[in-house]
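Asks: Protein chains in written order, with the numbering used here: chain W, 3 to 361; chain H, 2 to 298.
My structure is below; once you've seen it, I'll send some questions.
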């Protein structure tokens, strides 16, 4: 049965060294929640607190119907997968998988049954007698996942599990974790600084900075409607294009005035008094070529990044460097003049002072 | 100046013998002789008869190998009125060294493990205190220690001398193990806790098997230190438990009658044999453990 997790007014660390401050987070039963943020933002500390490996300074942790704030890790019904795999080097794969069950005093035949099941799911059968040092990184991380799997835990905690793997393995194992979540339907909490992992795996992403959740939403919502400038800059590669300017409300629409010109924003109603803002445009919201019907500006191509299926071009327009996503067979050359259409109707606008999104 | 880019450069750089290199080798040879010559003299002397020794050719090989000095040193050399050789001391030393080594190493491992992973409140202060304790010359503790063991009723007993060795060994073993465990990723410990293992389970099933190199190093250091100890054995062991070093000293310093140099040499080599053999057997492990422990501090 999937189990919900609830963090209530959680503080971790004291005073000036507080890592997490007054954090509230409700994770639904069976949800795949990703904690995303730069290093040092408190996401791993938070995961350790859910696991019971770090004490709270204040607040409560609830798993299902139980207040587990003071409970030992073993009593919380959790399994944890670490970045460094943390396999027991002195035990073979089979012993690694069965260690938790042996400690818990599970009967022998039951241990054998559960290890066999986990090993089948994770395709570890050929490696059961090997030591961790004789396995590849991907195999090691599968054993680490299996260690949580055999214990039939309610909640899986992942602490940057793919960060030590090379790019190809990372993609493979990411798909396996997603499949595993689909099959088990367990609650999973996953810490990463990799936005691709976050976007592809999560039901919801909680973006953290300095111990505070900046936005908690679905990947699509976070990408399309970032709550503030930090989220806007953190998610998306290349990052969102940011244009400083002034926003003026008018009848039936608004006006955006920047160093690149004045543009109408039909259908966007903002308050009438002028406001200093930052407009955010995803690279795919900048269209190359005249006649798009969008707000058009002149620019010069300064860098071309060919990536295969698509190309990203970086264009200079006055003091701004704008990135645009174009087709893989884009014919342009560096230093060529070019017309860009800005899809301001779908752009995000942020207050320059607070960095918060304007509705 | 030599040309740094000669036209003929090809393949490995040729060895060059410089005066500095020669001086280095000379120093090394002298240093080796400095340690090897006394050992050689002791060995050959122990196989000589007293007559031959008196001929004053200490570097010559014995005319005929004579084992009698060794037998006498082991079983019948006299220390005062006590003519049992070093054998009694040997067995006393065994009885002191084995329990004291095992206990001090295991206790050091537990303490180091607790300080490293469980981080008890005040652990840092405790560790600092233990480390400082290890640097204070143990003579300072002699008198308090005598009083303490007397109060416990352990003065002049086997248990007493073992206890004293364990207490004085703990700073070193704790330091060694704490630093060794600091090099083990803390995530391993966390994983075991999530798996439900407690303090002793993690120690016995995980940390102890992982610390084999350090167990050997600490065990060897403790064993040699305790075996070679003279002062503590003299003060705390009591007449019936005097270790081999003390008995050796008693035999060698006996002033009555003629000095039997061959017996003295044999007794000395016998006393030094145990640590020597231990180093030969475990040298490879020793180096491995030393370097493993020193990676992180």
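Quick reminder that beta carbons are idealized off the backbone N, C-alpha and C, glycines included.
Any beta-carbon of chain W closer than 8 Å to the one on residue 303 of chain H?
Replies: Residue 303 of chain H cannot be examined here, being either before or after the span of chain H that is shown, 2 to 298.
Asks: Starting from the C-beta of residue 193 of chain H, find all residues in its chain whose C-beta is less than 6 Å away, skip the five residues before and the five after it, and write them out in chain order.
Replies: Cβ neighbours of residue 193 of chain H beyond the five flanking positions: 203, 207.
Asks: Out of W:95, W:319, W:222, state which residue places its alpha-carbon closest to the alpha-carbon of residue 136 of chain W.
Replies: Comparing Cα-Cα distances from residue 136 of chain W to each of W:95, W:319, W:222, the minimum goes to W:95.
Asks: Who are the neighbours of residue 211 of chain H on chain C, taking C-beta pairs under 9 Å?
Replies: Protein chains in the displayed structure are W and H, and chain C is not among them.
Asks: Return the CA-CA distance between residue 49 of chain W and residue 126 of chain H, expressed in angstroms with no decimal places.
Replies: For residue 49 of chain W and residue 126 of chain H, the distance between alpha carbons rounds to 29 Å.
Asks: According to DSSP, simplified to helix, strand and coil, what is residue 289 of chain W?
Replies: Three-state DSSP puts residue 289 of chain W in a strand.
Asks: Beta-carbon of residue 233 of chain H versus every beta-carbon of chain W: anything under 8 Å?
Replies: With 8 Å as the cut-off, residue 233 of chain H does not count as an interface residue toward chain W.
Asks: In terms of residues, what are the limits of the beta strand (DSSP E) holding residue 260 of chain W?
Replies: From DSSP, the beta strand (DSSP E) with residue 260 of chain W extends over 255-260.
Asks: Quick one: what does DSSP say residue 48 of chain W is sitting in, helix, strand or coil?
Replies: Three-state result, residue 48 of chain W: helix.
Asks: If the cut-off is 7 Å on Cβ atoms, which residues from the stretch 191-220 of chain H count as contacting chain W, listed in chain order?
Replies: For the stretch 191-220 of chain H, which is checked against every Cβ of chain W, the residues closer than 7 Å are 191, 192, 194, 195, 196, 197, 198, 202, 207, 210, 211.
Asks: Could you check the C-alpha separation between residue 252 of chain W and residue 272 of chain W for me, to the nearest Å?
Replies: Between residue 252 of chain W and residue 272 of chain W, the C-alpha separation is close to 8 Å.
Asks: Which residues in the same chain have their Cβ closer than 8 Å to the Cβ of residue 275 of chain W, if we skip the five residues on either side of it in sequence?
Replies: Excluding positions up to five away in sequence, the list reads 251.
Asks: Output the distance between the C-alpha atoms of residue 341 of chain W and residue 189 of chain H, rounded to the nearest integer angstrom.
Replies: Answer to the nearest angstrom: the Cα atoms are 57 Å apart.
Asks: Note down the Cα distance separating residue 29 of chain W from residue 62 of chain W, rounded to an integer number of angstroms.
Replies: The straight-line gap from Cα to Cα measures roughly 14 Å.
Asks: Round the Cβ separation of residue 54 of chain H and residue 263 of chain H to the nearest angstrom and send it over; I've been treating them as touching at under 8 Å.
Replies: Residue 54 of chain H to residue 263 of chain H, Cβ: 6 Å. Contact.
Asks: So, residue 215 of chain H versus residue 178 of chain H, is the Cβ gap smaller than 8 Å?
Replies: Contact: yes.
Asks: Name the one or two DSSP bridge partners that residue 297 of chain W has.
Replies: Its beta-bridge partners are W:344.
Asks: Return no unless some Cβ of chain H is closer than 8 Å to the Cβ of residue 105 of chain W.
Replies: Closer than 8 Å: yes.
Asks: Tell me whether the beta-carbon of residue 193 of chain W lies closer than 8 Å to the beta-carbon of residue 162 of chain W.
Replies: The answer is yes: Cβ separation under 8 Å.
Asks: In the DSSP assignment, find the unbroken beta strand (DSSP E) run with residue 248 of chain W in it and report its ends.
Replies: Taken as a continuous stretch (DSSP letters only), the beta strand (DSSP E) holding residue 248 of chain W covers 243-252.
Asks: Classify residue 11 of chain H as helix, strand or coil using the three-state DSSP reduction.
Replies: In this structure, residue 11 of chain H counts as coil in the three-state DSSP scheme.
Asks: Identify the contact partners of residue 210 of chain W in chain H, using a Cβ-Cβ distance below 7 Å as the criterion.
Replies: Chain H residues near residue 210 of chain W: none, gap ~21 Å exceeds 7 Å.
Asks: With a cut-off of 8 Å on the beta carbons, I'd call residue 74 of chain H and residue 271 of chain H a contact; round off their distance for me.
Replies: Indeed, because the Cβ distance is near 6 Å, the residues count as touching under 8 Å.
Asks: Which value, in whole angstroms, describes the spacing of the CA atoms of residue 352 of chain W and residue 249 of chain W?
Replies: Computed Cα separation, rounded: 10 Å.
Asks: Closest by CA to residue 283 of chain W, which one among W:293, W:15, W:154, W:322?
Replies: Nearest option by C-alpha distance: W:322.
Asks: By the 7 Å beta-carbon criterion, what residues does the stretch 23-43 of chain W contribute toward chain H?
Replies: Answer in chain order: no residues at all.
Asks: Which runs of the beta strand (DSSP E) at least 3 residues long sit entirely within the stretch 70-131 of chain W? Give them in chain order.
Replies: Taking only runs of at least 3 residues, the beta strand (DSSP E) segments lying wholly in the stretch 70-131 of chain W are 80-83.
Asks: Counting along the chain, where does the alpha helix (DSSP H) carrying residue 140 of chain W start and finish?
Replies: First-last of the alpha helix (DSSP H) with residue 140 of chain W: 139-152.
Asks: What does a CB cutoff of less than 8 Å around residue 156 of chain W pick up in its chain, not counting 5 residues either side in sequence?
Replies: Closer than 8 Å at the Cβ level, and outside the excluded window around residue 156 of chain W, lie 3, 4, 5, 65, 66, 79, 80, 188, 189.
Asks: Taking the alpha-carbon of residue 241 of chain W as reference, which of W:327, W:38, W:158, W:105 has the nearest alpha-carbon?
Replies: For the residues W:327, W:38, W:158, W:105, the minimum Cα distance to residue 241 of chain W belongs to W:327.
Asks: Would you call residue 90 of chain W buried or exposed, if buried means 16 or more other Cβ atoms sit within 10 Å of its Cβ?
Replies: Buried.
Asks: Measure the C-alpha to C-alpha separation of residue 37 of chain W and residue 166 of chain W and round it to an integer number of angstroms.
Replies: Distance between the alpha carbons of residue 37 of chain W and residue 166 of chain W: 18 Å.
Asks: Given a limit of 9 Å on CB to CB distance, which residues of the stretch 44-68 of chain W reach chain H?
Replies: Listed by position along the chain: 50, 53, 54, 55.
Asks: Could you check how far apart the C-beta atoms of residue 139 of chain W and residue 171 of chain W are, in whole angstroms? I think they sit under 8 Å.
Replies: Indeed they touch by this definition, with Cβ atoms about 6 Å apart.
Asks: From the DSSP output, in three-state form, read off residue 297 of chain H for me.
Replies: Note that residue 297 of chain H scores 33 on pLDDT, short of 50, meaning its location in the model is unreliable; the coordinates nonetheless yield the value given after this. Correct three-state label for residue 297 of chain H: coil.
Asks: In chain order, what residues of the same chain lie with their CB nearer than 7 Å to the CB of residue 66 of chain H, ignoring the 5 residues before and after it?
Replies: Excluding positions up to five away in sequence, the list reads 48.
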